[in-house]
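Going by numbering that gives the first Met the number 0, 60 is the number at position 61 of the sequence shown; the sequence numbering is gapless.
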Amino acid sequence: MAGLFNRLLPSKRWTPSRYRALLRARGPRSTQFRTRGAILVGAILIGIVATLFAQAADWAAEVFSRFAATWHWVPLVTTPLTFMGLVWLTRRYAPLARGSGIPQVIAAQANPNDATRTLISIRTVAAKAVLTIGAVLGGASVGREGPTVQLAAAVMGFTHRLVRVPLRGGVVIAGGAAGVAAAFNTPLAGLLFAIEELASAYEQRVTLLVLAAIVIAGMVAQSVQGDYIYFGAIGAHMPLLSALLVAPVAGIAGGMTGGLFSRILLAMAVSRTRVTGWTRAHPVAFAGVCGGVVAALGVVTGLTWGTGYAPARAMIVGVDAPLWFGPAKLVATAATAIAGLPGGIFAPSLAVGAGVGNLLREVFPGEPASAIVILGMVAYFAGVVRAPLTAVIILSETTASRGLMLPMFATAFIADAASQWVCREKLYHGLSKTFAMTETARST
0 MAGLFNRLLP SKRWTPSRYR ALLRARGPRS TQFRTRGAIL VGAILIGIVA TLFAQAADWA
60 AEVFSRFAAT WHWVPLVTTP LTFMGLVWLT RRYAPLARGS GIPQVIAAQA NPNDATRTLI
120 SIRTVAAKAV LTIGAVLGGA SVGREGPTVQ LAAAVMGFTH RLVRVPLRGG VVIAGGAAGV
180 AAAFNTPLAG LLFAIEELAS AYEQRVTLLV LAAIVIAGMV AQSVQGDYIY FGAIGAHMPL
240 LSALLVAPVA GIAGGMTGGL FSRILLAMAV SRTRVTGWTR AHPVAFAGVC GGVVAALGVV
300 TGLTWGTGYA PARAMIVGVD APLWFGPAKL VATAATAIAG LPGGIFAPSL AVGAGVGNLL
360 REVFPGEPAS AIVILGMVAY FAGVVRAPLT AVIILSETTA SRGLMLPMFA TAFIADAASQ
420 WVCREKLYHG LSKTFAMTET ARST
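Set out below in structure tokens:
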């Protein structure tokens with residue numbers, strides 16, 4: 000009996016010193032507790048910030064749409080001037096806010112704690128948000144998803160600095176991916192984006208708490224914005240035999256086109272030629288030229304302004320669209336991106352992909368139009384971003400076309416390979432090197 004009684008008693012007595020040690024290790028003042036709190040509070044804030052930014056971007060797009068409809072020719076003047084003004088402001092006051100925002104988050108992983116004062120500082124991302132809204136108001140072919148990634152990473156950095164705990168690279172990844180989840184209302188795509196694109200290597204450890212942050216941010220955004228599907232419930236599908244023919248063609252066409260787009264952006268960002276030398280010496284004037292290209296395309300076509308969401312959705316649901324939309328939108332998006340404005344390429348890339356799918360409808364007139372367009376979107380997006388799993392999940396979640404999953408996977412992997420024929424380096428990782436060089440130059 001005595002032996003049984005001794006076994007039921009704890010092996011170590013809970014003395015006051017043991018309680019104090021436990022509180023130091025896991026209590027409210029412990030590093031572990033504060034780190035978990037910073038991540039979870041950051042996830043909630045990301046959902047709120049992403050929603051507010053999305054609403055502001057949508058408002059700006061509506062304002063410009065009414066302006067362009069009322070004053071048809073005026074954007075030929077206002078858009079180039081807007082480009083020039085935004086590039087001047089960016090270079091003068093927030094040089095780290097230029098471009099998409101995703102390369103900054105990739106570069107921030109090298110030294111995340113220092114990055115909270117530079118690449119993902121509150122000042123940088125506040126400027127990013129304001130300047131991106133300005134770009135949308137000017138008719139630029141930009142999206143809000145890339146800037147949302149940088150905003151989200153900055154929010155995570157802010158909560159960690161607030162409670163005075165070190166920021167890890169994996170948490171920066173989580174913050175950026177949570178931004179994708181909140182922007183598109185696609186938590187699963189956010190998880191895959193963290194692994195495929197933001198993480199510099201697959202051995203990067205992402206804990207369960209970090210993954211939970213991504214899901215929480217998506218759920219908060221969904222609770223505020225409502226349970227919506229980005230492009231609407233399309234539910235496209237395609238017979239297997241048809242997919243065996245369509246997927247390779249779509250993958251090669253979309254992947255190579257996406258690779259061409261990436262190669263243009265990387266060449267303008269990092270190459271040393273006479274043309275790029277002039278653009279770097281006269282950035283404001285070059286922005287005006289790019290703005291003129293965007294304005295001319297927008298005025299002539301009436302379809303290439305902004306994200307391209309409306310034309311893309313129309314093509315997804317089967318509405319006939321001009322065959323030139325895809326190439327025209329690609330040129331408008333490339334001109335906006337190389338100009339140096341803050342703004343993302345996610346949504347415009349989906350629109351260009353819809354244009355690629357629209358061209359493929361002519362090649363496969365007997366196949367379901369919605370399915371062909373979605374495969375074109377998957378192919379082009381995978382070709383640009385080089386994240387095939389993310390491309391598939393984003394399109395499946397934003398169109399509710401889960402019956403098209405197998406053709407989408409085949410198309411995405413073929414597109415990823417085809418993109419490498421044109422551009423070996425991944426776009427965002429290549430662009431991140433320019434920010435890494437900027438940070439190194441500042442520290443020396």
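Note that beta-carbon positions come from the ideal geometry of N, C-alpha and C, so glycine has one too.
This structure is a prediction, so every number in the text was calculated from the model and none was measured.
### Message
Please list the terminal residues of the continuous alpha helix (DSSP H) segment that includes residue 289.
### Response
Note, residue 289: alpha helix (DSSP H), 282-300.
### Message
Cutting at 6 Å between CB atoms, please list the residues of its own chain near residue 155, excluding the five before and the five after it.
### Response
The residues are 41, 170 and 174.
### Query
Buried or exposed: which applies to residue 103, given that a residue is buried once 16 or more other Cβ atoms fall within 10 Å of its Cβ?
Counting C-beta atoms within 10 angstroms of its own C-beta, residue 103 has 16 or more neighbours from the protein chains shown and is therefore classed as buried.
### Task
Give the DSSP bridge partners of residue 341, in chain order.
Looking at the DSSP output, residue 341 sits in a beta bridge with 98.
### Task
Give me the Cα-Cα distance between residue 369 and residue 144, rounded to the nearest whole angstrom.
Distance between the alpha carbons of residue 369 and residue 144 is about 24 Å.
### Query
Can you tell me where the alpha helix (DSSP H) with residue 269 in it begins and where it stops?
For residue 269, the enclosing alpha helix (DSSP H) starts and ends at 239-269.
### Runs of alpha helix (DSSP H) lying entirely within the stretch 144-190, each at least 4 residues, in chain order
Listed in chain order, the alpha helix (DSSP H) runs fully inside the stretch 144-190 are 144-162 and 168-183, counting runs of at least 4 residues.
### Message
Assuming contact is defined by CB atoms lying nearer than 8 Å, are residue 109 and residue 340 in contact in what I supplied?
### Response
Contact flag unset, no.
### Query
By how many angstroms is the C-alpha of residue 94 removed from the C-alpha of residue 431?
Residue 431 and residue 94 have their C-alpha atoms spaced approximately 14 Å apart.
### Task
Could you check the C-alpha separation between residue 469 and residue 364 for me, to the nearest Å?
The shown model of the chain, from 0 to 443, leaves out residue 469, and the question about it has no answer.
### Task
Can you give me the Cβ contacts of residue 249 inside the same chain, cut-off strictly under 7 Å, excluding the 5 residues immediately before and after it?
Around residue 249: 359, 374, 375, 378 and 410.
### Query
Exposed or buried, residue 280, counting other C-beta atoms within 10 Å across all chains shown (16 or more means buried)?
Burial is judged here by how many other beta carbons sit within 10 angstroms of a residue's own beta carbon; residue 280 has fewer than 16 and is exposed.
### Task
With distances taken Cα to Cα, identify the nearest neighbour of residue 337 among 140, 391 and 392.
Nearest option by C-alpha distance: 140.
### Message
On the criterion of 16 or more Cβ atoms from any shown chain inside 10 Å, does residue 504 qualify as buried, or is it exposed?
### Response
In this structure the chain extends from 0 to 443, so residue 504 is not present and cannot be described.
### Task
Would you check whether the ligand GDP has a heavy atom nearer than 7 Å to the C-beta of residue 31?
What this structure holds is no ligand at all, so the ligand GDP is not there to describe.
### Query
Would residue 179 pass as a contact of residue 256 if the rule is Cβ separation under 8 Å?
No; because the gap between Cβ atoms is not below 8 Å, this pair is not in contact.
### Task
Use the C-beta contact count for residue 67: other C-beta atoms within 10 angstroms, 16 or more gives buried, fewer gives exposed.
Residue 67 is buried by the Cβ-count criterion.
### Query
From residue 164 to residue 49, what distance separates their C-alpha atoms?
Near 24 Å, if we compare the C-alpha coordinates of residue 49 and residue 164.
#### Entry: Rounded separation between residue 371 and residue 357 - CA only
A direct Cα-Cα distance of roughly 8 Å separates residue 371 from residue 357.
### Query
Which residues does DSSP pair with residue 142 in a beta bridge?
In the DSSP assignment, the residues bridged to residue 142 are 343.
#### Entry: Own chain residues within Cβ distance below 8 Å of residue 329, not counting five before or after
The residues are 256, 260, 351 and 354.
### Query
According to DSSP, is residue 348 helix, strand or coil?
In this structure, residue 348 counts as helix in the three-state DSSP scheme.
### Query
Which same chain residues, not among the five before or five after residue 452, have their C-beta less than 6 Å away from its C-beta?
No answer is possible for residue 452: the residues shown for the chain start at 0 and end at 443.
### Message
Taking only three categories from DSSP, how would you classify residue 423?
### Response
Secondary structure at residue 423: coil, using DSSP grouped into helix, strand and coil.
### Task
With a threshold of 16 other CB atoms inside 10 Å of the CB of residue 204, please say whether the residue is buried or exposed.
Confidence is the limiting factor: at residue 204 the pLDDT is only 49, short of 50, which leaves the residue's position unreliable and the question unanswerable from this model.
### Query
Which stretch, first to last residue, makes up the alpha helix (DSSP H) that contains residue 113?
111-114 is the span of the alpha helix (DSSP H), which, as asked, contains residue 113.
### Task
Report buried or exposed for residue 429, applying the criterion of at least 16 other Cβ atoms within 10 angstroms of its Cβ.
Answer is buried; the Cβ neighbour count reaches 16.
### Query
Closer than 8 Å, CB to CB, is residue 56 near chain B or not?
Of the chains in the structure shown, none is chain B; there is only one protein chain.
### Query
residue 385 to residue 425, Cα distance in whole Å?
Whole-angstrom Cα-Cα distance: 6 Å.
### Task
Ignore the nearest five residues each way along the sequence and tell me which others in residue 161's own chain have a CB closer than 8 Å to its CB.
Correct list, in chain order: 37.
### Query
Helix, strand or coil: which one does DSSP assign to residue 233?
Look at residue 233 here: in three-state DSSP terms it is coil, with no helix or strand label.
### Message
Between which two residues does the alpha helix (DSSP H) holding residue 319 run?
### Response
The continuous stretches of alpha helix (DSSP H) do not include residue 319, and DSSP gives it neither H nor E.
### Query
If you check the beta carbons only, do residue 294 and residue 78 fall under 8 Å apart?
In contact: residue 294 and residue 78 (Cβ atoms closer than 8 Å).
### Task
Could you tell me the distance, in whole angstroms, from the CA atom of residue 128 to the CA atom of residue 146?
Those two C-alpha atoms are separated by around 7 Å.
#### Entry: Beta-carbon gap between residue 63 and residue 289 smaller than 8 Å
One thing to note: residue 63 has its Cβ no nearer than 8 Å to the Cβ of residue 289.
### Message
Using C-beta distances below 7 Å, list every residue in its chain close to residue 349, excluding the 5 sequence neighbours before and after it, in chain order.
### Response
Excluding positions up to five away in sequence, the list reads 311, 376 and 380.
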